[in-house]
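Working notes, beginning with the structure itself.
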Amino acid sequence: MKEHIGIVGSGIVGLAHAVALLKGGYRVTLFEKSPKPYGASIRNFGLIWPIGQPQGPTFERAVRTREIWKEMAAEAGFWIQHNGSLHLAHHDDEMAVLQEYVDVVEGEGVKLMTPDQIQEISPLSNAKEIKGGLFSETESTVNPPEAIWALHEWVANHPQATVSTYDAVLAIEQGIVHTSTQQVEVDHVFVCSGEDLQTLYPDVMMESGMILSKLQMLRTKPLSAHQAKGPTLCGGLTLTHYASFTKQCPQTETLRRRFEQTMPQFVEWGIHVMASFNNHCQITIGDSHEYGLGFDPFEKAEVNEWIMHYLSTMMDTSMIEMDETWHGIYPKHPSKTEFIAQPEEGVTIVNGLGGAGMTLSFGLAEEVIENELGVHL
């Protein structure tokens, strides 16, 4: 029998490692301090977002992750839609960045669209108010709570897996996982603890340079099936948020300077606005980005108002009624796509994916397991 592997945390990073290990024939114990995952992995748009990654290894990792999402949706029984993304341009400088991006990727999977073409595929978009847009076919959408909880259940039902809930891991010493209820001997441990940077190896976590990001999001009540469909929508602000644009399209610097001058509150609160559609005809809307190592628990009404105001320039919001608002917190590294460390023999920390956890975790998990365990999955 192959080794017994422990995993701390059942957010998307921990679940991705569990899925890869179980498919590789390993025995897995997954430790979760709550009854099921309640953290950042269920508090996001549900976007698998390759277009946010620069061309190269991280883009390929995102594409691989999307493939596994598709496989697991069929196996675990959750909804996934391969609906693509639509970047809307209201100004000439935004349109110039989109053209620059198309040139960089040589048109692979993307195309510029006119307002009339956009209206055809996105009924809610304010096509008359825009210069044009960029459609990308590589993006997919899941419903985060449903997908994450279905994956959690899939792992729990696997014959080679044990899922230990209500069970906080307090320490790991020489292959022994010490929890609030038990001690478990394992051959290797992957620590995927998300925003909790204090409980396990706090010195390593703090020295890593990782910080936390608090984001605010909203979700509407269901709309009609005719309205709540089409690609995920985003606007010019998004072009200054993702490395695929900021690292590959020099003209994003022109955008950034304009936003700093004309929309300083959006820059201050790290706001870029996106709208994704789920399987219940709801629109998930966000988001802001506040950075630090700790946050108050309160959500700021004016941040949500700014988000909704900008959204109204992208799409018709007249029929929207709000159903839910919330905030999430995730760890990120300021200069790396992830943080990997080996604090002691037989232990690997995997954290700091920032807002790309849903986009990169499955592909990253395969790479990390192969590197750390010296196997080919």
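For the sequence shown, the positions run -11 to 365 when our numbering is used. Each residue gets a CB set at the ideal place from its N, CA and C atoms; glycine is no exception. Because the structure is a prediction, the values reported are computed rather than measured.
What whole-angstrom Cβ distance do residue i and residue j have, given they're in contact under 8 angstroms?
i	j	result
L200	P319	6 angstroms
I(-7)	V165	At roughly 11 angstroms, the Cβ-Cβ gap does not stay under 8 angstroms, so I(-7) and V165 are not in contact.
S73	T220	5 angstroms
K24	W137	6 angstroms
A263	L299	6 angstroms
L185	M198	7 angstroms
W314	R31	6 angstroms
H146	L35	At roughly 26 angstroms, the Cβ-Cβ gap does not stay under 8 angstroms, so H146 and L35 are not in contact.
F178	H5	5 angstroms
I328	A8	About 15 angstroms; that fails the 8 angstroms criterion.
E117	H79	Actually they do not touch by this definition, with Cβ atoms about 11 angstroms apart.
E355	H176	The pair is not a contact, with the Cβ atoms about 15 angstroms apart (cut-off 8 angstroms).
Q236	D81	Wrong, their Cβ atoms sit about 16 angstroms apart, outside the cutoff.
L188	V16	No, L188 and V16 are not in contact; Cβ-Cβ is about 18 angstroms, not under 8 angstroms.
R207	I273	7 angstroms
L203	H297	At roughly 17 angstroms, the Cβ-Cβ gap does not stay under 8 angstroms, so L203 and H297 are not in contact.
Whose C-alpha, out of the options, is nearest the C-alpha of residue i?
i	options	result
E360	V338, M302 and G342	V338
T167	F350, L352 and E20	E20
D275	E256, H140, H268 and D284	E256
L76	G121, E88 and E55	G121
F123	V90, P111, N131 and D184	V90
Q43	E94, C269 and D191	E94
H229	K217, R244, A28 and G218	R244
A50	L100, I30, M346 and K202	M346
A61	T187, A135 and T336	A135
H260	N266, N267 and P252	P252
M307	L139, P210, V92 and Q69	P210
G218	Q239, D311 and F265	F265
G163	L352, V363 and G334	G334
T53	D311, M193 and L3	L3
G340	T305, S196, T301 and K116	S196
V1	H321, I357 and A353	A353
S(-2)	D191, H297 and E183	E183
E63	V143, S29, Q87 and G27	V143
V85	A149, S232 and I56	S232
I68	P133, G282, T102 and Y279	P133
D304	L112, V98 and P190	L112
A213	Q270, L227 and V172	Q270
M302	P45, F286, K119 and F33	K119
Y26	G343, G316, T336 and P322	G316
Q171	C180, S181 and L158	L158
T336	E309, V192, V92 and P45	V192
A28	A289, C222 and C180	C180
L139	G65, M310 and T46	G65
F33	G362, D311, N131 and L100	N131
E96	F47, A115 and T102	F47
Q148	K324, S323, G12 and L365	G12
In this structure, what does DSSP give as the bridge partners for residue i?
i	result
S264	T272
K99	F123
V157	T167
C237	Answer is none; C237 lacks a bridge partner.
T325	None; T325 has no bridge partner.
K58	For K58, which the question treats as bridged, DSSP gives no partner whatsoever.
S279	The sequence given here places Tyr at residue 279; Ser does not occur at that position. Per DSSP, S201.
V51	Beta-bridge pairing links V51 to no other residue.
Y(-5)	The question names Tyr, but residue -5 is Ile in the sequence shown. Answer is L18 and F178, bridged to I(-5).
N339	F327
Q69	T129
L112	Note: L112 sits in no beta bridge, so no partner.
L221	L74 and A263
E332	V335
T250	DSSP output for T250 lists no bridge partner at all.
L206	I273 and T313
L35	T129
Helix, strand or coil for residue i, going by three-state DSSP, please let me know.
i	result
G27	coil
P319	strand
D311	strand
L139	helix
V7	helix
F178	strand
T301	helix
Q43	coil
E173	strand
V85	helix
S152	strand
T226	helix
I118	coil
W257	coil
Q107	helix
Using a C-beta cutoff of 8 angstroms, does residue i count as contacting chain B?
i	result
S113	In the displayed structure, chain B is absent; only one protein chain is listed.
(request) Examine the Cβ distances between the region 120 to 138 and the region 31 to 40 and report whether three or more of them are shorter than 8 angstroms. (result) Using a C-beta cut-off of 8 angstroms, the region 120 to 138 makes contact with the region 31 to 40, since at least three inter-stretch Cβ pairs fall below that distance.
(request) Determine contact between the region 136 to 156 and the region 100 to 119, defined as no fewer than three beta-carbon pairs at a distance below 8 angstroms. (result) No: the two stretches stay apart, fewer than three of their Cβ pairs being nearer than 8 angstroms.
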